[in-house]
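Residue numbers (our numbering), protein chains in the order written: chain C, 24 to 136; chain S, 24 to 136.
All C-beta atoms, glycine included, are put in the ideal place defined by N, C-alpha and C.
What you are looking at is a predicted structure, and each value in this text was computed from that prediction instead of being measured.
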DNA sequence: ATATAGAACCTTGCATTGCAAAGTACCCCA
DNA sequence: TGGGGTACTTTGCAATGCAAGGTTCTATAT
């Protein structure tokens, strides 16, 4: 159990929410998302993101449109669907509950030395 | 992607921290831990907890001592090791960072309607 | 034309791990 | 001796983050 794994494990389950949140702000493509996450110090790599976006698309939470780029092949720009907005709301609710639960447990144990 | 899975996915990675936090308060055995988690509305079942405790034990973060019970077979009461305390501190640090990161991402997108 | 570089997308395989379900072992009491 | 309750353990499955490798497209230099 390495320290490296800690952040990784914890990220699980909130990544979808973060990605949907980023897309909800404005249409973005994959590299934009990676950059936004990096700004928030949540490192994510392509191998994680592409399958994730596919899953969210299959689930009906996302759509995309192709746009050309001057610097390379065309890009997939993602947008949230109605269902995606709802889902994001649910995720944010669950996240809030989880944060509360964890604080209940952890704070009781903090020995303020 | 069912709503049922949301909480489950998010729980991943913080469970270890919560369990260590609970054990750090006082010596407990498995059923105690389940009950404490339930109080905080973090439902965990035996099939999750036992392998987890074994992992934490193998990693050197926990020790246990057997104690007899009036009501059944003896119980394993867990205590944190030195390494376990350190690890718990790390986890709490990572957790704090993650909460900040997520808030950075999510709050920027909240349209306070 | 051809080669090179770089951007963007996608796929495969692995390791981790929460969980359901089934199994084992112990204790008490009638 | 048998039944019920408690506790611990194991097996197999499904989900998923990620490393690594691959394909396709554009632009630029030769």
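What span of residues does the alpha helix (DSSP H) with residue i cover, start to end?
i, result
"residue 60(C)", "53–62"
"residue 39(S)", "38–48"
Kindly indicate which three-state DSSP category residue i falls into: helix, strand or coil?
i, result
"residue 79(S)", "helix"
"residue 101(C)", "strand"
"residue 90(S)", "strand"
"residue 120(S)", "helix"
"residue 35(S)", "coil"
"residue 129(S)", "helix"
"residue 29(S)", "helix"
"residue 114(C)", "helix"
"residue 72(C)", "helix"
Answer with buried or exposed for residue i, where buried requires no fewer than 16 other C-beta atoms within 10 angstroms of its C-beta.
i, result
"residue 136(C)", "Low confidence applies to residue 136(C): its pLDDT is 46, below 50, so where it sits in the model is not reliable enough to give any reading."
"residue 61(C)", "exposed"
"residue 59(S)", "buried"
"residue 150(C)", "With chain C covering only 24 through 136, there is no way to say anything about residue 150(C)."
"residue 70(S)", "exposed"
"residue 68(S)", "exposed"
"residue 106(C)", "exposed"
Quickly, what does DSSP pair residue i with across the bridge? List them, please.
i, result
"residue 85(S)", "103(S)"
"residue 95(C)", "92(C)"
I'd like to check one pair, residue j with residue i: are the Cβ atoms closer than 7 Å?
i, j, result
"residue 44(C)", "residue 42(S)", "no"
"residue 46(C)", "residue 101(C)", "yes"
"residue 29(C)", "residue 117(S)", "yes"
"residue 36(S)", "residue 35(C)", "yes"
"residue 86(C)", "residue 104(C)", "yes"
"residue 96(S)", "residue 89(S)", "no"
"residue 114(S)", "residue 40(S)", "yes"
"residue 38(S)", "residue 53(S)", "no"
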